[in-house]
Every structure is written in C-alpha cells, then in structure tokens.
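Note that the numbering used here has the sequence shown beginning at 1229, numbered continuously upward. Below is one structure, written out as structure tokens; comments come after it.
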Amino acid sequence: MPAGRKLVIVESPAKARTIAGYLGEGYDVEASVGHIRDLPQPSELPADMKKGPYGKFAVDVENGFTPYYVVDADKKKKVAELKKLLKESDELYLATDEDREGEAIAWHLLAELKPKVPVKRMVFHEITREAIARALENTRELDERLVDAQETRRILDRLYGYEVSPVLWRKVRQGLSAGRVQSVATRLVVERERERMAFVPADYWDVTGTFAVADTAEPTFSARLTGVGGQRVASGRDFDDRGQLKTRDAVALDEARASALVSGLDGAAFAVQSLETKPYTRRPAAPFTTSTLQQEASRKLRMASRQTMRTAQSLYENGYITYMRTDSPGLSAQAIDAARRQAAELYGAEYVPDKARVYTSKAKGAQEAHEAIRPAGDHFRTPAQVARELSGDQFKLYELIWKRTVASQMADARGQTASVRLAATATTADGPVETVFSASGTVITFRGFLAAYEEGRDRGRYDDAEGGAAAGNDDARLPQMAQGDPVTASDLTADGHRTSPPPRYTEASLVKALEERGIGRPSTYAATIGVIQDRGYVTNRGQALVPTWLAFAVTRLLEENFDRLVDYNFTAGMEEDLDAIAAGQKARVDWLTDFYFGDRSDSPESGGLRGLVDNLGEIDAREVNSIDIGDGITLRVGRYGPYLEAPGDGPDADPLRASVPDDLAPDELTVAKARELLETQPDGDQVLGTDPTTGTQIVARNGRYGPYVTEVLPEPELDPGLSAAARKKALAAQPKPRTASLFKSMQLATVTLDDALRLLSLPRVVGVDPESGAEITAQNGRYGPYLKKGADSRTLASEEQLFTITLDEALAIYAQPKRGRGQTATPPLRELGDDPTSGKPIVVKDGRFGAYVTDGETNRTLPRDVTPESITPEQAVELLAEKRAAGPAKKRGTARKTTTTRKKSTAKG
1229 MPAGRKLVIV ESPAKARTIA GYLGEGYDVE ASVGHIRDLP QPSELPADMK
1279 KGPYGKFAVD VENGFTPYYV VDADKKKKVA ELKKLLKESD ELYLATDEDR
1329 EGEAIAWHLL AELKPKVPVK RMVFHEITRE AIARALENTR ELDERLVDAQ
1379 ETRRILDRLY GYEVSPVLWR KVRQGLSAGR VQSVATRLVV ERERERMAFV
1429 PADYWDVTGT FAVADTAEPT FSARLTGVGG QRVASGRDFD DRGQLKTRDA
1479 VALDEARASA LVSGLDGAAF AVQSLETKPY TRRPAAPFTT STLQQEASRK
1529 LRMASRQTMR TAQSLYENGY ITYMRTDSPG LSAQAIDAAR RQAAELYGAE
1579 YVPDKARVYT SKAKGAQEAH EAIRPAGDHF RTPAQVAREL SGDQFKLYEL
1629 IWKRTVASQM ADARGQTASV RLAATATTAD GPVETVFSAS GTVITFRGFL
1679 AAYEEGRDRG RYDDAEGGAA AGNDDARLPQ MAQGDPVTAS DLTADGHRTS
1729 PPPRYTEASL VKALEERGIG RPSTYAATIG VIQDRGYVTN RGQALVPTWL
1779 AFAVTRLLEE NFDRLVDYNF TAGMEEDLDA IAAGQKARVD WLTDFYFGDR
1829 SDSPESGGLR GLVDNLGEID AREVNSIDIG DGITLRVGRY GPYLEAPGDG
1879 PDADPLRASV PDDLAPDELT VAKARELLET QPDGDQVLGT DPTTGTQIVA
1929 RNGRYGPYVT EVLPEPELDP GLSAAARKKA LAAQPKPRTA SLFKSMQLAT
1979 VTLDDALRLL SLPRVVGVDP ESGAEITAQN GRYGPYLKKG ADSRTLASEE
2029 QLFTITLDEA LAIYAQPKRG RGQTATPPLR ELGDDPTSGK PIVVKDGRFG
2079 AYVTDGETNR TLPRDVTPES ITPEQAVELL AEKRAAGPAK KRGTARKTTT
2129 TRKKSTAKG
C-alpha cells in the first residue's frame, strides 16, 4: 500500500460506507462494529484470576475499582484486521460518535491497537460532505472525562446487576435482572397499576344542550351545565381516586336531579350572562431531542422506542439527519437559516418571524454538546426529495423530523378565544333553581407554524367525559353575541359518566416521566423499555404498558429490601453525580467507593450497596411472590406463571387454585373475577402423570390461546456469573418442552395422561411419498389439522385423522387438484382475533416476500422489526387500517436498500 494513507475508524459499516464516499482516495474507512472490548463474565476470566480480586465482577473493588477488559471473542478477527491496516497507515483518525459511548469506544481502540503513528479524534454530529471536511480540519484530543463517565456507568451497572440480580433468581425466578434504570422504570409502571387497582369509580351526571342565537346565519354551539343554585357542578376531575369529591365547592348531580333539571328547563328563557374574549397565541414546539423524538414517534407514527432509535440511527449513518442522541433542542446558525429559508419558500414570508427562535433545554442534567435532531446539511432536503431513497419507516421519521425543524422557526399561530356563560331558571319540585351553562372555543385567524406541523399530546385522563365545546374544544367556533342576548336551547340531555382510573403509561409517557424525574439518559430509554419488555415485566396492550404479576413480585422485593436503589430521587441523584464526573467535578473512584462501600460499616443504612446485600436477612420468597386480592384470595407468582389460591371448603381441605390468564391485566383481577376463575378453572397446573419414556411430568394448563398440555423439564443450572445476554442465550439453547393444544373435542377438566401423550407425539410421520421421496407428516396448527409434504400443505377433515390417516389416504388427498391459484393455502403462522373493520379473522402467513398479516381482504407485509412471534393483535389491526387508508399500491422506483449493523452496546441500567 502506498505511503501517506490514513485510517479512519467508525462504529458501523453503514457509517463507514457513507464517510468513505466523502473522503475518497488516501483514506481507509473501517468499522469497529461497536465496542471491541468489555468486562468479561467471571466465568470467562483466566483461571489464575477467578479467585483473585477480579473474580466476582471483573472489577477490583478494593483497588480503585480497576476494571479488567478483554477483547470480545467475536471481535478478535476485526481487531486483527484493524491492526494490519494500521501498520500500513501513517495517521489514525478515531471518528466514533461524539458522546460518552463513542468516546469510550475510541479509548478502547487506542488501548488495544497501540498505534505508533499520530492519532486524531475526529468528531461530527452529521454525516455530510461539508461536515466531514470541517471535522478533518478541527480534530481534538480524546476526552478522558467522557471516558471516565462511561466507565463509571459500566462499573456501576456491573456492581448493581451482579449484586441484586442473584437475589431475584433465588427468591422470584431464574433469568431475571435488576438495573438502576430498568428497575425504577418497572416500579413506575407497577405503581400506576396499583393506583388503578385501588381506584374506586364515582358516578356523576351532567346536562348538555345545543344553543342558538337569534341570527340564523350564525352557527349553533354546545354548552354544558356548570352551575346549579350558585354551586359549581362537579366534573370527573373533582373526584379523588377513592370516588369522593375533593372539594366542598362543587355539587355532584345524580340521575334523578339531572333529569329533573332537564325537565325544569323545558321552555326556560336562556340569556347570555357573560362573554369574555381574549387573544390566542400558540408557539411552535422546539426541535427534537432524543426524548421528544421517541415520544412524538410513538404518538404520531405508533413506533416503539427501539424502532424509532433504530430508524433514526440508519438515517444518521446514511447522511439524512444529525446525530440522534442529544439532550439539546438548539439549532446551529446554519440550520436556523436553512429552516427559515425553507419556511419562507414553502409557506410565504409572513410565516417567518422577524427574529430567529433560540431553544434551550429545561430537562434535568441536560447536556447541550450537540444540536437538536434535524435534517442534515446546511440546506434541508424536503421529504419529497428523499422519498425514493428511504424505506417506509425511514421516510415517515424523516418527514416528522423535517416538519418539526421547519415549524420550530415559523411564526406563532394566532386567533381569538371566547368563553360564554348562559343563565336560565329551572322550575323544579323544590322551587326555581338558577342554572348556568358554559362553552368556550378558539378561532385560529393565522395558522403560522400549524401550517407545517402540530405537536401531538398524550391522551388526557378526562378527555372523554369532558370533551366538546364546553370543555374548551380548540376547534369550536362560537357565534357573535353580547351580554344579555337571548339564546334558544334545544336537545337538553342528561348524561351519566363514571370517573376513570389513572391512565397506564405508554412508551411515550414513560419516556416523559423518566426524563422529568431526571432518571437515566434519553439515549438509553429505548433500551430500558426493551429490557423490561423482554424480561416479561411489562406487556403491551395497544400502546399501553401493562405490568405483569412478575413485575409486582420483583418490585415488591426491591422496595422492601433495596428501597433506596429504586427510590426516584436517589436514582436521579446518581445521574447528576455521573454527570458531575463527566464534567470533572467529582472523582470516579471516590464516588464508586461511596456507592459500593459507603462508610465501610457494612450496615444496611450507611454501608453502601455491599452493606445492603450483606444485611438482607431472611427474605420470605412465598410472601414476596404473593399479592392479596381480597376475601382470603391470594395471587401467587409461581414458577410457571401466576395463579390464584383460596382456602378449601373445610379445615382439612386442600386449597383451591386456578391459573390466571395471561391477557387478564392486574387491575381487572377483582375479587369477583378471582371467584369466577376459581369456580370455572382447574386448580393451577393439572398434573396428569409421568411420561414413561422420558420420565418428565406431564401437566395441563390454560394459556393465552386456550388449554394445552406440556411437559415439565428440570430447571437448568446456569453459571450465576453470566450476563443477562449470555443467560438469555444459554436459556435459548436449552431443550424446549413439548407442547400441544387440546383438540376442540377435549376439556381441560377431563383430559387424561393418554390423551396428552398422544397430543405430544405430534407431528406424526405418515409415510414417504414414493414419487418425490418427501416425508408426509400430520400436524395440528392454529387453524386445525393438516398434512405437510415439503412446502405443500393440505387440510384434514378432522382432528382425529391426525392419528388415523394412512399413507394411501394421504397420497389420495395430495392427488386431488389444489385449491385456489394452483396452490393450497399454507397453515397460518399465528391467529390474532377478528378485525374490527372487516369482522374477519386476522392471521399471520408466510408469503413469497416474507411474513404478512391479512384478514382475507387486505394484506400487509410485516415491518422489518416485527416478527410473526412478536406482533400483537393491536399492531395487526393498525397495519391493516394503514394499508386500507393508503389504497392500492402505486408503482415507484426501487428504493435504495440501506443496511445497518447494530452496535454491540455495554450493559445499561
């Protein structure tokens, strides 16, 4: 290789390809593919180190918390390649991301490659030709403080996880994990569900009507009863979560009184009591930070946090947006000019204010090192200009970022807000009663930034019960009127309402809650939410995050035994301390010493994390895994899932037990529902006997998709030192229990061991096709029994044929003409219930171009990050609805295929 070559190292292959196109000859751009070194599992340490100071954590806690790093096994070849290229280069540029993680990757590369040539740290927050050229001219030294901050986080997460997680394994279930952010996030979701479980609804009534002024050219409007006899009428927000009025200033109407007022107002004279108008001004939202991008993508695009960050990463690495991990909503001068110029070109000069808008962060611990997330370059490409180059998700996210950025530099929306109060006297059995109806509305006279973009918002707790003009609907327009004007009432109606429990967190609202509390970093929220989903702590119901009973058990154990580790203020304080380390205001070793050892008294109060763990005392596993439902019924989190337990009918009777369906949310498990389950379901796992061939226990259960039988395999013995990822991989490699759904003709209460063994023997080999040599099997699928020969499947008439059909009978079925377009429909991969629009069953099928979801009328290919196993019924309904709304597919040019390689990340809390 000729002299004068320069080696540039970045994290990902996609980023390397983009940058290589800008640098051209003389530069070799290579990807490290994430971190090359990390803390090993204790089991991976050299034999002579396993009993030394590194043996427990791969960190020497007694000597300055010194970490021991090793090159990952799958990165040794990559490191060798980089060393070879470095020998042929006369300069090294470390061009990893400009954040703690990127700085740490650069530091590890420097430590492992040991370059003998000049080294330069090259940083940029967008990948454009101009930005890369500027970065080459403005290199800097490695920022040791950022490296310190990342290393402290990595060691902290190792100490936390390795000390606390084993307690969960012993007392709750193998394979669980605890972390400084994930455990707090789980607690937030659990606490919200506890509030819903304790919630007592209150019933209240109101009266609404339609009103008109004398001028028939003016619009009618709706108003709600807000005052009776000089007292304010209570609405949903006036009740507490115990169903009681929070104030004496309001009166709650019942059905009888509301109906009496409707009758008493029949024919009453209404007049305008007061009218107030005031100017309305609304400012645009700031450009996106990592947190607000995740929130808005969840609200507007229905994207999960992980999906949003994956898509944003691919946009960044391919040069479409700026760096996607940032706390700053600020824009550079060039970006402000680009946004203002584009707004003027697209909407007119009057839509751009005289002065540029400047945004700063209000979040705790915000770091302003980067710009906001915006379209890359000094001149923004419009969504139309990039449409052919991006995939569906990439285009939608780019369009969202572009709109938000341009709108952030546009003029305020302006208008008028009006509030009116109408008075009338109702004639009731108790005499005349003065009533007041109220309405309000806003008329936008200049749309300003709304012409480009309007920020979404999370659904409010009282939106349904108090909607409409009476509640201040922004789109309502009130007619021209003045104080004292008569108005005519019609359609007076008494409406009953019931207060709603606090809404569950969505990914968007959980991200917002974590950021507001200063817990964790926005760049890690997507990973954190992914972890609590993967661990089985939360499930998705639509966009809502529903905690599992397992999460209740884990949270209770942590609250009762590691209370300060899941305390919101303590966790936020840790984040502030870690930021102080990054700023050079605190020393890493001193802080870790205080966190882990405290005052070295080994007391639970002041002895740090080690003092907490060493003084746990006896934890009653049965008690931790028990939740009182009421009436003597207890929910227990068992090895195979949650089940109910209640005393038997007599003093010597065995307790009653029943498994809890997976799709039953905790707040839906009332005493009445628990009684119903105990009366209608068998007691938990129904032990049928032992398989004489394998010696395993065979049980019958009631699962999410109906009753089934399975075998109980012994709990695998895994190295307690394994990381979460290694543990997950090891568990995945273990033998899976045989499982089979019951036939439609079978009942869970009457199924026998012989029935179960027959079911578990499926699929059954019927024989071999003499012509093709292909094996024919009889299998039971989600939609019933079928035969399978290679890729060719045929439906069987009955479930019993699975055991009785002969080879000759199977060959006769295959000799019949295929249905449809020359091919029998293959069995669906999954069944997801009925579509609310078509009323037809939704299934996941495997097609020519991959898995897709269909209701028989509309087909939609699954997005890249959704698998047949992970898709939820709600996601399927949304995908089909989007496809219907889009109409027939239009022919378009082939989109450029972009490939991203996921970075290997260090453990996160």
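Idealized CB from N, CA, C, for every residue including glycine. Computed from a predicted model, the values in this text were never measured in an experiment.
- For V1400, the three-state secondary structure derived from DSSP is coil.
- In this structure S1854 is not in contact with Q1269, their Cβ atoms being roughly 33 Å apart against a cut-off of 8 Å.
- Where E1504 is concerned, there is no enclosing alpha helix (DSSP H), although the beta strand (DSSP E) around it starts and stops at F1498 to R1510.
- A Cβ-Cβ separation of about 6 Å places Q1622 in contact with L1543 under the 8 Å criterion.
- Short of 7 Å from the beta carbon of Y1250, and not among the five residues preceding or following it, lie these beta carbons of its own chain, in chain order: R1357 and I1360.
- Closest by C-alpha distance to A1928, out of A1893, A1958, K1972 and T1978, is T1978.
- The residues V1817, in chain order, have a CB closer than 8 Å to that of G1292 in the same chain once the five nearest residues on each side in sequence are set aside.
- The three-state reading of DSSP puts T1716 in strand, counting E and B together.
- Non-local beta-carbon contacts of D1919 in its own chain, meaning distances under 7 Å to residues more than five positions away in sequence, involve I1926, E1939 and L1985 in chain order.
- Beta-bridge pairing by DSSP links Q1570 to no other residue.
- A distance below 8 Å between beta-carbons, with the five flanking residues on each side excluded, links G2084 to the following residues of its chain, in chain order: S2066, K2068 and P2069.
- In the structure shown, H1725 falls within a strand segment according to DSSP collapsed to helix, strand and coil.
- Per DSSP, the beta bridge partners of K2073 are Y2080.
- With 16 or more neighbouring CB atoms inside 10 Å of its own CB, E1599 falls in the buried class.
- For I1237, the uninterrupted beta strand (DSSP E) run begins and ends at K1234 to V1238, by DSSP.
- Uninterrupted alpha helix (DSSP H) stretches at least 4 residues long and entirely within the region 1246-1333 occur at 1304-1315, given in chain order.
- Y1432 carries a strand assignment under DSSP once its states are collapsed to helix, strand and coil.
- Only exposed fits G1283, as fewer than 16 other CB atoms lie within 10 angstroms of its CB.
- Taking the Cα positions, E1391 is about 16 Å away from S1271.
- With respect to V1739, S1519 sits close: the two C-beta atoms are nearer than 7 Å.
- Inside the region 1794-1818, DSSP marks whole alpha helix (DSSP H) runs of 4 or more residues at positions 1796-1810, from first to last along the chain.
- Annotated three-state conformation of S1519 is helix, per DSSP.
- In this structure, the CA atom of R1424 is about 20 Å from the CA atom of G1764.
- For V1865, the uninterrupted beta strand (DSSP E) run begins and ends at I1861 to G1866, by DSSP.
- Between the C-alpha atoms of A1680 and T1727 there is a straight-line separation of about 36 Å.
- As a beta-bridge residue in DSSP terms, Y2014 pairs with Q2007 and T2023.
- Assignment of L1618 by DSSP, reduced to helix, strand and coil, places it in the coil class.
- By the criterion of a C-beta distance shorter than 6 Å, P1714 is surrounded in its chain by A1499, once the five residues flanking it on both sides are discounted.
- Your pair K1474 and D1482 does not check out as a contact, with CB atoms roughly 18 Å apart and the cut at 8 Å.
- Non-local C-beta neighbours of P1948 in its own chain, meaning closer than 8 Å and more than five positions away in sequence, comprise P1394 and W1397, ordered along the chain.
- By a beta-carbon distance limit of 8 Å, V1456 contacts V1479. Their separation comes to about 6 Å.
- A1646: member of the beta strand (DSSP E) spanning A1641 to T1656, first to last residue.
- Sixteen is the threshold: when 16 or more other Cβ atoms of the shown chains lie within 10 Å of the Cβ of K1243, as they do, the residue is buried.
- Taking C-alpha positions only, T1539 is separated from K1624 by approximately 10 Å.
- Pairing T1783 with V2071 gives a Cβ-Cβ distance that is not under 7 Å.
- A straight line joining the alpha-carbon of E2037 with that of S1989 spans about 20 Å.
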